[in-house]
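Q: Can you keep this structure in mind? I'll have questions shortly.
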Amino acid sequence: MRRVALGEEDAVAELYDRYCALVFKLSLQFLSNNAEAEDAVQEVFVRLWKTADRFDPRKAKLVTWVMLITRRHLIDRIRRKTVRPKEQEFTEHHEVTATDTPLPSNTLMHERNALLWQALQRLPELQRTVIERAYFHGFTLREVSKQLDAPLGTVKSALSRGLLRLREQGNKDISAQL
Amino acid sequence: MTNETHNYKQLLELAVLEAHSLLEPIEDDLFTRSFHDSPASIQEEIVRLQEKLALDDSLLPSENPPAELRKRVLQAVAKTADQEAQRLAPLALIGARASAAQAQFGSSKNVTVWRTVAVVLFGVTVVLAVITLDAQRKANHSAQLALNSATNTALIELIGHKFSEFIGNPYCQATRLERENGNSTGYLRIALNERFGNGFVMGIDLEEGEEIIIQGTTADGTVIELARLTADGPIVGRDFELDIALIKGMTIAAVDANTGKRWV
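The listed protein sequences correspond, in order, to chains A and B. Taking our numbering, the leading residue of the first sequence gets 1, the next gets one more, and so forth. Taking our numbering, the leading residue of the second sequence gets 179, the next gets one more, and so forth.
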């Protein structure tokens with residue numbers, strides 16, 4: 001990342017070759033089509049170049065940093081672009097159909113993320129709800145806390161446990177740590 | 179559950195949220211602080227946990243990016259880098275202009291040399307000033323010595339070589355006498371040698387033909403004549419002898435031998 005920060009073209013190319021697949025796949029999970037995902041990948045790598053000097057190898061592995069910047073960018077993009085459901089609608093929706101997920105209705109997205117949707121449906125209600133709202137709709141934890149009228153700590157715990165449960169299939173040992 | 183365990187669990191929870199970029203900036207800062215404050219083993223555990231979360235693509239779509247995306251991305255980064263360089267160009271010019279301005283007055287090395295020369299010249303000036311003042315002082319002293327020497331020679335020619343025995347002699351006590359009536363013309367200098375029992379009297383600017391009697395009053399009040407001096411020139415003088423035993427406590431006075439006017 002030091003070489004990336006210095007603007008070395010080879011270093012940027014190397015970074016892309018190592019992480020483009022992960023960044024692209026995550027972008028596809030968040031966004032509705034390939035074109036948007038490709039644009040997002042482009043923007044993410046520009047952002048990585050701009051923030052390279054902030055990377056601290058003592059605090060995180062490079063892949064963690066890359067995915068953190070990617071997720072941050074995707075959430076920002078969702079917050080900017082998406083007209084999120086109003087709080088009242090969300091609350092009403094939650095009260096009426098607790099199991100009906102407010103996820104994007106794009107069919108292709110559902111097909112791509114079939115495994116994710118299935119895993120989500122198996123989560124406890126609170127965990128599923130906070131993941132949907134915080135992770136896929138870009139609401140802050142405080143907003144979700146307010147929407148659900150639940151303590152912030154509870155929302156945090158539910159979100160953290162839910163995210164780990166989603167990955168149980170691939171990383172069973174991680175959930176054992178919490 | 180201890181507080182330590184609770185904090186440990188909280189830290190892991192926050193680590194999961196941070197890895198998913200779900201912490202707000204303030205919480206992110208708090209997490210970073212807690213991370214750095216935690217033991218190295220917990221730090222390693224968190225780093226490993228976040229790495230696993232980052233690498234996990236089990237729930238991600240299976241599609242790969244198109245090959246042409248690589249070129250687009252690299253071009254976008256290069257373009258942004260160029261734009262950034264252009265944006266920062268004015269800042270770089272500030273340095274360049276400063277360098278150019280410096281170049282008009284020579285390089286920084288030359289400036290340093292000139293400053294050094296200036297300091298050295300200032301030092302030399304100070305030293306020269308000190309030397310000049312010292313030389314002037316010595317010259318004055320030499321001139322004074324020369325003048326004194328010339329004066330002494332002249333005085334010796336006028337009043338005899340005995341005069342020099344009383345100049346700067348630590349055993350001599352000197353007395354200056356002036357006319358009692360306030361007429362400031364002329365004066366007398368009398369030197370008494372306590373060790374050898376002799377003395378010398380010198381009259382300067384006395385009136386032509388004036389005769390002066392030098393008197394000594396001993397400790398018991400006895401007045402004795404020490405010498406007579408007749409003014410036959412601008413400077414006159416003579417030596418005289420006296421008893422050593424009388425010198426201690428003696429006061430000196432003089433009187434005009436013709437008019438009786440006193441010198442005190």
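Ideal Cβ placement from N, Cα and C applies to all residues, glycine included.
A/Ala150 CB to nearest chain B CB: under 9 Å?
A: Chain B contact via Cβ: absent.
Q: Determine the chain B residues that contact A/Leu6 at a beta-carbon separation under 7 Å, and present them in chain order.
A: By Cβ distance, chain B contributes nothing, its closest Cβ being about 10 Å from A/Leu6, past 7 Å.
Q: Report yes or no: do the region 257–267 of chain B and the region 30–42 of chain A share at least 3 C-beta pairs separated by less than 8 Å?
A: Too few Cβ pairs lie closer than 8 Å, so no.
Q: By the 7 Å beta-carbon criterion, what residues does the region 21–33 of chain A contribute toward chain B?
A: Listed in sequence order: Ala21, Leu22, Phe24, Lys25, Leu26, Leu28, Gln29.
Q: Beta-carbon of B/Gly284 versus every beta-carbon of chain A: anything under 9 Å?
A: At B/Gly284 the pLDDT is 49, less than 50, meaning the model places this residue with poor confidence; the figure from the coordinates comes in the next sentence. No, its Cβ sits nowhere closer than 9 Å to a Cβ of chain A.
Q: How far does the beta strand (DSSP E) with B/Leu366 in it extend, from its first residue to its last?
A: Its beta strand (DSSP E) spans residues 365–371.
Q: Just verifying my parser: in three-state terms, what is the DSSP assignment at B/Asp398?
A: Residue state, collapsed to three classes: coil.
Q: Can you have a look at B/Asn371 and say buried or exposed, based on whether 16 or more other CB atoms are within 10 angstroms of its CB?
A: Result: buried.
Q: Considering Cα atoms alone, identify which of B/Leu201, B/Arg226, B/Phe341, B/Val251 is closest to B/Ile413.
A: Checking every option, the nearest Cα to that of B/Ile413 belongs to B/Phe341.
Q: Specify, as a first and last residue, the run of the beta strand (DSSP E) that A/Glu36 falls within.
A: No beta strand (DSSP E) contains A/Glu36, which is instead part of the alpha helix (DSSP H) from 34–51.
Q: When the cut-off is 9 Å and only beta carbons count, does B/Ala279 lie next to chain A?
A: Only weak support exists for where B/Ala279 lies, its pLDDT of 48 falling under 50; the coordinates are left without a value.
Q: Flag A/Ile78 as yes if its beta-carbon sits less than 9 Å from any beta-carbon of chain B, otherwise no.
A: Not closer than 9 Å to any Cβ of chain B, the Cβ of A/Ile78 fails to qualify, so no.
Q: Which residues share a DSSP beta bridge with B/Thr353?
A: B/Ile368, per the DSSP bridge assignment.
Q: Alpha carbon to alpha carbon, how far is A/Glu36 from A/Lys25? Give it in angstroms, no decimals.
A: Cα to Cα, A/Lys25 sits roughly 12 Å from A/Glu36.
Q: Whole angstroms is fine: what's the gap from A/Gly153's alpha carbon to A/Met1's?
A: Approximately 35 Å, taken between the alpha carbons.
Q: Considering only residues of the same chain and omitting the five flanking positions on each side of B/Met428, which have a CB-CB separation below 6 Å?
A: Excluding sequence neighbours, B/Met428 sits near Gly394, Thr396.
Q: Going by DSSP, which residues form a beta bridge with B/Glu403?
A: DSSP, once it has assigned bridges, lists B/Gln393 as partnering B/Glu403.
Q: Between the region 305–312 of chain B and the region 368–385 of chain B, do at least 3 Cβ pairs fall closer than 8 Å?
A: Contact fails: fewer than three Cβ-Cβ distances are below 8 Å.
Q: Of all the options B/Gln314, B/Lys230, B/Val251, which has the alpha carbon lying nearest to the alpha carbon of A/Ala40?
A: Among B/Gln314, B/Lys230, B/Val251, the Cα nearest to that of A/Ala40 is on B/Val251.
Q: Which residue comes first and which comes last in the alpha helix (DSSP H) that contains B/Thr429?
A: Taken as a continuous stretch (DSSP letters only), B/Thr429 belongs to no alpha helix (DSSP H), being part of the beta strand (DSSP E) at 429–434.
Q: In chain order, what residues of the same chain have a beta carbon less than 7 Å from the beta carbon of B/Phe209, not counting five sequence neighbours either side?
A: If we look at B/Phe209 and ignore the five residues flanking it on each side, its Cβ neighbours are Leu192, Glu196, Leu201.
Q: Under the three-state reduction of DSSP, which class applies to A/Val63: helix, strand or coil?
A: Three-state DSSP puts A/Val63 in a helix.
Q: In three-state terms, what does DSSP make of B/Asn185?
A: Note: B/Asn185 maps to helix in three-state DSSP.
Q: Tell me the rounded alpha-carbon separation between B/Arg406 and B/Ala317.
A: So the alpha carbons of these two residues sit roughly 40 Å apart.
Q: Ignore the nearest five residues each way along the sequence and tell me which others in A/Ser145's own chain have a CB closer than 6 Å to its CB.
A: Around A/Ser145: Leu152, Val155.
Q: Assuming B/Glu222 is part of the alpha helix (DSSP H), what are its boundary residues?
A: Unbroken alpha helix (DSSP H) run through B/Glu222: 218–233.
Q: CB-CB under 8 Å to B/Leu336, same chain, minus the five flanking residues each way: which ones, in chain order?
A: These residues qualify, in order along the chain: Gly411, Ile413, Val414, Gly415.
Q: Quick one: give me the first and last residue of the beta strand (DSSP E) that B/Gly377 is part of.
A: 376–382 is the span of the beta strand (DSSP E), which, as asked, contains B/Gly377.
Q: Are there 16 or more other CB atoms within 10 angstroms of the CB of B/Gly438, so buried, or fewer, so exposed?
A: It is exposed - the Cβ of B/Gly438 has fewer than 16 other Cβ atoms within 10 Å.
Q: Any idea what DSSP makes of A/Ile76, helix, strand or coil?
A: Note that residue 76 of chain A is Asp in the sequence shown, not Ile. It is helical.
Q: If I'm right that A/Leu22 touches A/Val4 with Cβ under 8 Å, what's the distance once you round it to whole angstroms?
A: At roughly 16 Å, the Cβ-Cβ gap does not stay under 8 Å, so A/Leu22 and A/Val4 are not in contact.
Q: Kindly list the residues whose CB is nearer than 7 Å to the CB of B/Pro244, restricted to its own chain and excluding five residues on each side of it in sequence; keep chain order.
A: Excluding residues within five positions, none has a Cβ falling inside 7 Å.
Q: Among the candidates B/Ala352, B/Ser320, B/Leu233, B/Val295, whose CA atom is the shortest distance from the CA of B/Asn376?
A: Out of B/Ala352, B/Ser320, B/Leu233, B/Val295, B/Ala352 has the C-alpha closest to the C-alpha of B/Asn376.
Q: Determine, using beta carbons only, whether A/Leu183 and B/Ser236 come nearer to each other than 9 Å.
A: Nothing can be reported for residue 183 of chain A: it is not among the residues displayed for chain A, which extend from 1 to 178.
Q: For B/Val433, which residues in the same chain have their Cβ closer than 8 Å to its Cβ, ignoring the five residues on either side in sequence?
A: Same-chain partners within the cutoff: Ile390, Ile391, Gln393, Lys439, Arg440, Trp441.
Q: Am I right that A/Leu163 and A/Ile131 are in contact with their C-beta atoms under 8 Å? What's the rounded C-beta distance?
A: That belief holds up - the Cβ atoms of A/Leu163 and A/Ile131 are roughly 7 Å apart, short of 8 Å.
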